[in-house]
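Engineer: Protein chains in written order, with numbering that gives the first Met the number 0: chain A, 0 to 334; chain B, 0 to 334.
Below is a structure I'd like to ask you about.
Protein chains: 2
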Amino acid sequence: MELRLRAPLDMHLHLRDGEMLRSVAPLSARDFAGGLIMPNLVPPVTTGEMVREYRASIEEAIGEEKFRPYMTLFFQEEYSYDFLKEVREEILAIKLYPAGITTNSEGGIADLSVERLAPVLEAMSALGIPLSVHGETDGFVMDREAQFIPIYEKLALRFPDLTIIMEHITTKEAVEALFRHENLYATITLHHLSITLDDLAGGLLRPHLFCKPIAKRPEDRTALRKMAFLGHEKVMFGSDSAPHPREKKEASHCAAGVFTAPVALPALAQLFEGAGVLENLQKFVSDNARRIYGITPPDKEVLLVKEKWRVPESYGGVVPMFAGEELEWRVESAL
Amino acid sequence: MELRLRAPLDMHLHLRDGEMLRSVAPLSARDFAGGLIMPNLVPPVTTGEMVREYRASIEEAIGEEKFRPYMTLFFQEEYSYDFLKEVREEILAIKLYPAGITTNSEGGIADLSVERLAPVLEAMSALGIPLSVHGETDGFVMDREAQFIPIYEKLALRFPDLTIIMEHITTKEAVEALFRHENLYATITLHHLSITLDDLAGGLLRPHLFCKPIAKRPEDRTALRKMAFLGHEKVMFGSDSAPHPREKKEASHCAAGVFTAPVALPALAQLFEGAGVLENLQKFVSDNARRIYGITPPDKEVLLVKEKWRVPESYGGVVPMFAGEELEWRVESAL
């Protein structure tokens with residue numbers, strides 16, 4: 000049994016920089032035709048020159064692979080219309096982080112009032128630059144995403160022409176919000192389709208499944224699965240694959256992030272096949288993103304075959320999701 | 000400033016065995032006049048001989064310290080009235096674990112129907128042996144304790160003369176249940192008075208704060224604090240101090256348990272003083288337990304002084320709660 004995916008896209012991807020970039024970028028480039036590259040480096044990506052340099056590092060890391068890095072800027076209140084117009088061709092989206100909410104988001108936005116954000120958002124809206132958002136408050140960890148929904152809704156109402164991406168949604172509340180606003184869309188990760196808080200902390204605690212936003216309740220996962228399994232046009236795949244070296248995960252203070260890049264397509268195929276909706280995976284991993292972002296990714300076909308393989312315990316010191324476990328599908332080739 | 004506690008008791012304590020026992024028992028014996036010793040060894044403590052042997056190991060480990068180990072049996076459906084009558088003088092309570100719910104509970108009870116448990120519980124009731132319960136279902140990790148409440152209530156109604164201890168309660172639902180049944184009591188840990196799920200997983204993930212039952216929501220902690228701070232007669236201190244070597248905590252699969260024995264009294268004094276109820280700590284850490292269990296612990300006075308000290312990073316390879324942090328009170332002497 001085989002599955003051909005046309006131009007699979009990972010619309011939320013952390014490639015890091017330096018040695019880690021060189022280690023993980025080829026794994027995404029092998030399986031995907033493109034990805035939306037998150038800008039939360041240290042320091043964050045905030046200028047055209049930084050975008051160009053980061054893109055060049057990525058291209059160097061992936062070599063000959065057919066993979067397009069769709070670049071992003073780290074949202075700053077200071078961005079002017081002229082600056083954004085100039086940089087428009089270099090980026091696909093701008094990522095907004097509330098301050099301090101996840102890895103390397105210290106320089107994010109502390110005051111999320113619409114009026115503070117309005118000048119930049121008006122410029123983005125006029126220039127057709129989508130807004131990508133890590134939507135969490137600083138409230139209780141299980142409530143943060145649901146508490147952020149009113150902010151999404153205010154932005155969606157105030158800027159009806161702005162495409163707003165609710166990144167890595169984890170709750171039924173977020174799914175419901177998608178239906179109330181034409182200009183709201185969402186990415187969903189592999190791990191939030193796969194696990195709940197039970198997998199992280201219901202048995203032994205499993206730091207390699209620790210991520211932000213934290214995995215939620217079974218009914219939340221059900222709501223996410225419904226959307227993904229339908230290939231619903233409002234949602235697209237974004238892995239949020241976030242590599243940390245093993246010693247930062249198996250530690251007294253463990254960094255947030257699940258490393259899924261090298262297992263994402265096989266694990267998604269297994270999930271979708273298990274739900275009897277393998278035919279909808281194409282929409283979830285590519286077609287919806289093309290339409291939402293209006294992009295034409297490189298012409299690349301990825302062939303998966305139904306053949307068991309054991310996921311390595313580590314890729315260059317980074318422990319992937321499903322490490323040491325068997326997956327039923329594997330990537331055979333990409334052309 | 001100083002605080003004198005008369006015969007402080009830790010009514011839920013894991014002392015383990017072997018080398019770990021020798022390492023941690025002196026820390027409890029230094030600060031407390033006695034403790035209820037959990038029986039979940041490998042294999043669990045299920046016979047009079049095992050109780051005597053375990054007690055002897057504990058007494059050897061604590062040497063000359065004035066500390067009474069109140070022993071428990073691991074609940075088994077097979078216990079007969081005659082067996083329990085014979086062992087009555089050796090134990091203070093019998094601990095019931097649902098199968099597989101926490102560390103070394105594989106031999107626990109899979110079928111918790113009242114009729115299955117009735118013969119043993121009737122014998123315990125007749126002999127005046129309290130029942131100590133780890134009250135969690137195998138449901139979603141945040142719901143397990145609340146889901147178990149109906150089982151507590153059935154037991155409380157069916158065996159009105161049986162003293163039932165809801166161990167290490169973590170939810171407002173459990174607090175509410177205490178008020179519905181005369182024969183229900185509870186222990187509360189230091190860590191559940193101190194943290195919520197946010198402390199475990201809201202920032203970086205902190206495996207040394209990972210425990211079962213898992214820390215819950217802020218409103219749950221508030222409900223626990225109200226009871227403890229009042230020195231309410233329904234609740235008593237049980238640390239659930241559960242040492243694991245560092246390498247079992249900072250690992251891909253982290254064991255559940257917070258090691259609080261060496262910091263418990265200072266941290267409790269700090270919490271109670273912060274709430275303006277230092278005078279109620281005596282009830283919480285001793286008087287209530289004496290009355291609920293009808294015990295007369297060794298005559299021991301523990302003197303705490305308000306003097307900052309830094310908690311060690313580790314005690315014999317076990318990382319304590321508040322490792323490396325400053326506490327405001329310290330144990331000066333015990334006589």
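Using N, Cα and C, we set each Cβ at its ideal position, and we do this for glycine too.
No experiment lies behind these values; they were computed from the predicted model shown.
(1) Which residue comes first and which comes last in the beta strand (DSSP E) that contains TYR69 (chain A)?
(2) Nearest to SER240 (chain B) by alpha carbon, out of B:ALA6, B:ASP142, B:ASP198, B:LEU14?
(3) Would ILE164 (chain A) and LEU223 (chain A) qualify as a contact pair, given that the criterion is a beta-carbon distance under 8 Å?
(4) Alpha carbon to alpha carbon, how far is LYS94 (chain A) from GLY33 (chain A)?
(5) I want to know whether the region 264 to 283 of chain B touches the region 3 to 11 of chain B - three or more CB-CB distances under 8 Å.
(6) Does the Cβ of LYS84 (chain A) have 16 or more other Cβ atoms within 10 Å, making it buried, or fewer, making it exposed?
(7) In chain order, what residues of the region 213 to 231 of chain B put their CB closer than 8 Å to some CB of chain A?
(8) Taking VAL330 (chain B) as the reference, which of B:TYR314, B:GLY315, B:GLU324, B:LEU302 has the closest Cα?
(9) With a Cβ-Cβ cutoff of 8 Å, do GLU306 (chain B) and ALA322 (chain B) count as a contact?
(10) Could you give the distance in angstroms between the alpha-carbon of MET123 (chain A) and the alpha-carbon of VAL174 (chain A)?
(11) When DSSP labels each residue in this structure, what does VAL317 (chain B) get in the three-state scheme?
(12) State whether the region 49 to 61 of chain B contacts the region 99 to 112 of chain B, with contact taken as three or more CB pairs (one from each stretch) at a distance under 8 Å.
(13) Please name the residues in the region 306 to 327 of chain A whose beta-carbon is closer than 9 Å to at least one beta-carbon of chain B, in chain order.
(14) Just checking my contact of ILE291 (chain B) with MET235 (chain B) at CB under 8 Å: how many whole Å lie between their CB atoms?
(15) Along the chain, where does the beta strand (DSSP E) that runs through LYS305 (chain B) open and close?
(16) So ALA250 (chain B) contacts chain A; which residues on that side make the cut at Cβ distance below 7 Å?
(17) In angstroms with no decimal places, state the Cα-to-Cα distance between LEU264 (chain B) and PRO217 (chain B).
(18) For HIS252 (chain A) and ASN287 (chain B), what's the separation of their Cα atoms in angstroms?
(19) Compute the beta-carbon to beta-carbon distance between ASN39 (chain A) and TYR96 (chain A), rounded to the nearest angstrom, for a pair I have assumed lies under 8 Å.
(20) Using beta carbons (cut-off 8 Å, strictly below), is PRO206 (chain B) in contact with chain A?
(21) Closer than 8 Å, Cβ to any Cβ of chain A: which residues of the region 252 to 267 of chain B, in chain order?
(22) So with CB distances below 8 Å, who are the chain A contacts of ASP197 (chain B)?
(23) Given that LEU203 (chain B) touches chain A, what residues does it touch there, using C-beta distances under 8 Å?
(24) Would you mind giving the Cβ-Cβ distance between GLU152 (chain B) and HIS180 (chain B), rounded to the nearest angstrom? I have them listed as a contact below 8 Å.
(25) Would you mind listing the beta strand (DSSP E) stretches within the region 142 to 207 of chain A that are 3+ residues and don't spill past its ends, in chain order?
(26) Return the Cβ separation of GLY316 (chain B) and ARG245 (chain B) in integer angstroms, given the expectation that the two are a contact with Cβ distance under 8 Å.
(27) Can you pull the chain B residues whose beta carbon is under 8 Å from the beta carbon of PHE335 (chain A), in chain order?
(28) Between A:LEU8, A:ALA255, A:VAL41, A:ILE148, which lies nearest to SER27 (chain A) when the distance is taken from Cα to Cα?
(29) Just checking my contact of LEU140 (chain A) with CYS210 (chain A) at CB under 8 Å: how many whole Å lie between their CB atoms?
(30) Please report the straight-line C-alpha distance between LEU20 (chain A) and ALA185 (chain A), rounded to a whole angstrom.
(31) Would you mind sorting SER332 (chain A) into buried or exposed? The rule is 16 or more other CB atoms within 10 Å of its CB.
(32) Could you pull out every residue in the same chain whose Cβ sits closer than 7 Å to the Cβ of VAL262 (chain A), ignoring the five residues on either side in sequence?
(33) Please go through the same chain and pick out, in chain order, the residues whose beta-carbon is closer than 8 Å to the beta-carbon of ARG205 (chain B), but skip the five residues on each side of it.
(34) Assign LYS215 (chain B) to one of three DSSP states: helix, strand, or coil.
(35) Could you check whether ARG157 (chain A) and VAL113 (chain A) sit closer than 8 Å to each other, using their CB atoms as the reference points?
Structural biologist: Well, looking at it:
(1) Working through the first sequence from its first residue, we reach residue 69 (chain A) at position 70. First-last of the beta strand (DSSP E) with TYR69 (chain A): 67 to 69.
(2) Taking the first residue of the second sequence as 1, we reach residue 240 (chain B) at position 241. Cα-wise, what sits closest to SER240 (chain B) is B:LEU14.
(3) Counted from its first residue, the first sequence places residue 164 (chain A) at position 165. Counted from its first residue, the first sequence places residue 223 (chain A) at position 224. No, the Cβ-Cβ distance between ILE164 (chain A) and LEU223 (chain A) is not below 8 Å.
(4) On the first sequence, position 95 is the one that residue 94 (chain A) refers to. On the first sequence, position 34 is the one that residue 33 (chain A) refers to. Roughly 17 Å separates the two Cα atoms.
(5) yes
(6) Residue 84 (chain A) sits at position 85 when you count from the first residue of the first sequence. Classification for LYS84 (chain A): exposed.
(7) ILE213, ARG216, PRO217
(8) Position 331 of the second sequence, counted from the start, is the residue given in the question as residue 330 (chain B). Per the Cα distances, B:LEU302.
(9) Mapped onto the second sequence, residue 306 (chain B) falls at position 307. Mapped onto the second sequence, residue 322 (chain B) falls at position 323. No, the pair does not count as a contact, with Cβ atoms beyond the cut-off.
(10) As a first step, residue 123 (chain A) must be located in the first sequence, where it is residue number 124. As a first step, residue 174 (chain A) must be located in the first sequence, where it is residue number 175. If you take the alpha carbons of MET123 (chain A) and VAL174 (chain A), they lie about 24 Å apart.
(11) As a working note, residue 317 (chain B) is residue 318 in the second sequence. In this structure, VAL317 (chain B) counts as strand in the three-state DSSP scheme.
(12) no
(13) VAL318, ALA322
(14) The residue given as residue 291 (chain B) occupies position 292 in the second sequence. The residue given as residue 235 (chain B) occupies position 236 in the second sequence. Contact between ILE291 (chain B) and MET235 (chain B) holds, with the beta-carbon distance rounding to 6 Å and staying under 8 Å.
(15) Position 306 of the second sequence, counted from the first residue, corresponds to residue 305 (chain B). Looking at the DSSP string, the run of the beta strand (DSSP E) that includes LYS305 (chain B) is 300 to 309.
(16) Numbered from its first residue, the second sequence carries residue 250 (chain B) at position 251. Near ALA250 (chain B) (Cβ distances below 7 Å), the residues of chain A are GLU249.
(17) Here residue 264 (chain B) refers to the residue found at position 265 when the second sequence is read from its first residue. Here residue 217 (chain B) refers to the residue found at position 218 when the second sequence is read from its first residue. For LEU264 (chain B) and PRO217 (chain B), the distance between alpha carbons rounds to 23 Å.
(18) Indexing the first sequence from 1 puts residue 252 (chain A) at position 253. Indexing the second sequence from 1 puts residue 287 (chain B) at position 288. Straight-line spacing of the CA atoms in HIS252 (chain A) and ASN287 (chain B) works out to 37 Å.
(19) Walking along the first sequence from the start, residue 39 (chain A) turns up at place 40. Walking along the first sequence from the start, residue 96 (chain A) turns up at place 97. So it is a contact: roughly 7 Å between Cβ atoms.
(20) By 1-based counting over the second sequence, the position of residue 206 (chain B) is 207. Any Cβ of chain A closer than 8 Å to the Cβ of PRO206 (chain B) would place that residue at the interface, and such an atom is present.
(21) HIS252, CYS253, ALA254, ALA255
(22) Along the second sequence, read from residue 1 onward, the residue named residue 197 (chain B) stands at position 198. Per Cβ cutoff of 8 Å: PHE139, VAL140.
(23) As a first step, residue 203 (chain B) is located in the second sequence; it is residue number 204 there, counting from the start. The contact set of LEU203 (chain B) on chain A, defined by CB atoms closer than 8 Å, consists of HIS252, CYS253, ALA254, ALA255 in chain order.
(24) Residue numbering aside, residue 152 (chain B) sits at position 153 when the second sequence is read from its first letter. Residue numbering aside, residue 180 (chain B) sits at position 181 when the second sequence is read from its first letter. In this structure, GLU152 (chain B) and HIS180 (chain B) form a Cβ contact; the two beta carbons are roughly 7 Å apart against a cut-off of 8 Å.
(25) 163 to 165, 183 to 187
(26) Here residue 316 (chain B) refers to the residue found at position 317 of the second sequence. Here residue 245 (chain B) refers to the residue found at position 246 of the second sequence. Contact holds; Cβ gap of about 6 Å.
(27) Chain A is shown only over 0 to 334; residue 335 (chain A) falls outside these bounds and no answer can be derived.
(28) The sequence position of residue 27 (chain A) within the first sequence is 28, counting from 1. For SER27 (chain A), the nearest C-alpha among the options comes from A:LEU8.
(29) Working through the first sequence from its first residue, we reach residue 140 (chain A) at position 141. Working through the first sequence from its first residue, we reach residue 210 (chain A) at position 211. Position check: residue 140 (chain A) holds Val in this sequence, whereas Leu was assumed. Not quite, the Cβ-Cβ distance comes to about 11 Å (not below 8 Å), so this is no contact.
(30) For this step, residue 20 (chain A) is matched to residue 21 along the first sequence. For this step, residue 185 (chain A) is matched to residue 186 along the first sequence. Roughly 26 Å between the two C-alpha positions.
(31) Working through the first sequence from its first residue, we reach residue 332 (chain A) at position 333. So SER332 (chain A) counts as exposed.
(32) For the purposes of this step, residue 262 (chain A) is taken as the residue at position 263 of the first sequence. VAL310, PRO319, MET320, PHE321, LEU326, listed in sequence order.
(33) Along the second sequence, one-based indexing puts residue 205 (chain B) at 206. So the list reads ASP198, LEU199, once near-sequence residues are dropped.
(34) Here residue 215 (chain B) corresponds to residue number 216 of the second sequence, with the count starting at 1. Of the three classes helix, strand and coil, the one that applies to LYS215 (chain B) here is coil, per DSSP.
(35) Counting from 1 along the first sequence, the entry for residue 113 (chain A) is found at position 114. Counting from 1 along the first sequence, the entry for residue 157 (chain A) is found at position 158. For VAL113 (chain A) and ARG157 (chain A), yes; Cβs fall inside 8 Å.
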